[in-house]
Amino acid sequence: GGGNNGGGNNGGGNSGIVGKPIEAVGGKADIAELRKAFEASSTVEVRFPGNTLEVSAAAWPDTARANGGALVVSGEHGAYRFPAPVWKPEQWAAELGTEASEITLRFTMAKLDGSEAEQAGSTVQAAGGKQLSDAVHFEVEAVRADGKSVPVSFGSVYAAREISTNRSVDPSKATGVQVLPDSRQIRFVPTVFRTENGVTTASLKRNGNSIYTIVQNDKSFADMAGHWAQADVTLLANKLVIDGVSETRFDPDRGITRAEFASLLVRSLGLSPVAASARFSDVASGAWYALDVATAASAGLIGGFEDGSFRPDQSVKREEQAAMLVRALSYAGFDIGVSESKQAEILGRFRDTASLSWARKDLAAAINAGLIDGMTGNTLEAQGLATRAQSAAMLKRLLVKADFID
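First residue of the sequence shown: 6, per this note's numbering; consecutive thereafter.
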């Protein structure tokens, strides 16, 4: 679960890049030059031509990594911000059966071309989106001297990768996506945009290797016109976080089940599916939500009931949502817990909180972080059932708070 190791999504450390970038020669970064740069700054940039860069695991000294920071590798097709907590030479050496000093890290940032690029393009098109950038394959591997390699695990740390769109993009209609060529799907990736001199660069945050691109959507639902949650619903639909019940209807005032909300959280955090498990007695392995529920449980976002059930089809209560949102923010690297005295102060504003039990702490934290509001100025209605529109508004606040969308 956890996930707040090293400041989670910000890559553990906010130090800017100091000093001029190191230029790689022949696809390799000079160890001595890198070690010297890390003595002067916790974040160092290496630039390289072509698709791959090799960096010795010994190039980032333990003493320098203790301060957090990042290794930024910038290539022709994008950039990778590799956070200190993920740099684990001893672990890679153990996986490869060699010494840490023998390990090299290989960064790949390659633009898809030919049939692969066409397939990525048609996958985006089939999902109704417009592709705004090249599809780029990002990968990091630990390699031993004889060439044997293993993919680098990010655990729950979100590492940022950058892709330029070579144009100006409206962040409210665009998002970074993971392209899954085998299943011909695209998935939301937490993405923030910045535009300089008319060119927008996307920073995609995820804890794994994959193919990524930037897409634009222009969705609208007839039954959201004039609705209080119209802006939030449209934004998250364009970012592929939420779906309508059809192409033109969202059904905002319908309730939402525990399984549906768990599924939305998994999507919001950009989590890779975890194999369905028999953790809950009432989640059948063939159910549409089985993978999402297993993924949410393994990330520590959800828990079951004392009888071992999850009750997937039960409508989700506002207090249950508060707990899941707080855990999701914790997974993304933000601890928003509040002290007992602060809890009493926050909940004391509402006249219907005396009967709260297990959810007191999470509700107070969620209200304090701005993830959830009272239903009126002085009622919280913690046992109340949330609608699809309310759920979208909560997810939007979560994503903004985690710096996962603009």
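Note that the Cβ used here is the ideal one computed from N, Cα and C, for glycine as well.
In this text the structure is predicted, and so the values were computed from the model without any measurement.
Which residue's Cα is closest to the Cα of residue i: the options?
i	options	result
A370	M229, G379, R263, Q348	Q348
R263	I307, G213, S127, S277	I307
E104	F112, K93, M114, A327	K93
G83	M114, L334, S138	M114
V155	V162, A164, S161, V145	V145
A280	L269, V298, S273	V298
G24	G32, R40, S79, V49	V49
V130	R199, V220, L390, V204	One detail in the question is off: residue 130 reads as Gln in this sequence, not Val. When only C-alpha atoms are compared, the closest one is V220.
V184	P66, Q124, I27	Q124
S138	S106, G291, V182, M229	V182
I261	A132, K322, F112	K322
M399	S362, Q96, D237, E121	D237
A242	S225, R354, G389	S225
S188	V405, T128, A140	T128
G313	A304, A292, R284, S303	R284
D67	V78, A89, H142, S282	A89
N56	L240, G32, G73, A75	G32
State the CB to CB distance for the pair residue i and residue j, rounded to an integer number of angstroms; the pair is presumed to be in contact (CB under 8 Å).
i	j	result
T180	K244	4 Å
T109	V148	5 Å
F310	A407	About 28 Å; that fails the 8 Å criterion.
Y217	L274	About 16 Å separates the two Cβ atoms, so there is no contact after all.
F266	Q190	About 21 Å separates the two Cβ atoms, so there is no contact after all.
Consider the Cβ of residue i: report whether some Cβ of chain C lies at a distance smaller than 8 Å.
i	result
E50	This model lacks chain C altogether, as it is built from one protein chain only.
Excluding the five sequence neighbours on either side, which residues of its own chain have a C-beta within less than 7 Å of the C-beta of residue i, listed in chain order?
i	result
R402	G375, L376
A29	V51, R52, F53, L58
A227	T253, R254
K366	Q348
A328	A364, D367
E95	A105
R40	A64, P66
Between which residues of its own chain and residue i is the CB-CB distance below 6 Å, once the five residues before and five after are set aside?
i	result
L373	In the sequence on display, residue 373 carries Asn and not Leu. So the list reads V343, I351, once near-sequence residues are dropped.
A69	F43
N9	Annotation note: pLDDT 35 at N9 (below 50); position unreliable, no value reported.
R172	none
Enumerate in chain order the residues of its own chain whose CB-to-CB distance from residue i is below 8 Å, with the five nearest sequence positions on each side excluded.
i	result
D256	D228, G249, V250, R393
K153	L101
Worksheet item: Using 8 Å as the Cβ pair cut-off and three pairs as the minimum, do the region 378 to 386 and the region 354 to 366 touch?
Response: yes
Discussion item. Contact between the region 56 to 73 and the region 29 to 42 is defined here as three or more beta-carbon pairs at a separation below 8 Å; is this criterion met?
Written reply: yes
Practice prompt. Run through the region 165 to 193 for me and flag every whole beta strand (DSSP E) of 3 or more residues, listed as ranges in chain order.
Written response: Here the runs fully enclosed are 179 to 185.
Item to complete: Taking 8 Å as the threshold, find out whether the region 303 to 318 comes into contact with the region 340 to 347 through three or more Cβ pairs.
Response: no
Fill in: Validate contact between the region 195 to 213 and the region 159 to 167 using beta carbons, cut 8 Å, 3 pairs
yes
Practice prompt. Mind the definition here: the region 328 to 339 touches the region 289 to 297 only if three or more C-beta pairs lie below 8 Å; say whether that holds.
Written response: Segments in contact, no.
Practice prompt. Pair every Cβ in the region 165 to 175 with every Cβ in the region 43 to 50, then say whether three or more of these pairs are closer than 8 Å.
Written response: no
Worksheet item: Whole alpha helix (DSSP H) runs in the region 312 to 352 with 4 or more residues, listed along the chain?
Response: 323 to 336, 345 to 352
Worksheet item: Could you give the uninterrupted runs of the beta strand (DSSP E) lying entirely in the region 28 to 81, keeping only those of 3 residues or more?
Response: 48 to 52, 57 to 61, 75 to 79
Discussion item. Would the region 191 to 210 count as touching the region 256 to 271 if we require 3 or more Cβ pairs under 8 Å?
Written reply: no
Practice prompt. Please go through the region 82 to 164 and give each complete beta strand (DSSP E) segment of 3 or more residues, from N-terminal end onward.
Written response: Counting whole runs of 3 or more residues, the region 82 to 164 contains the beta strand (DSSP E) stretches 84 to 88, 109 to 116, 141 to 148, 154 to 156.
Item to complete: Any chance you could list the beta strand (DSSP E) runs of at least 3 consecutive residues sitting entirely within the region 243 to 323, in chain order?
Response: none
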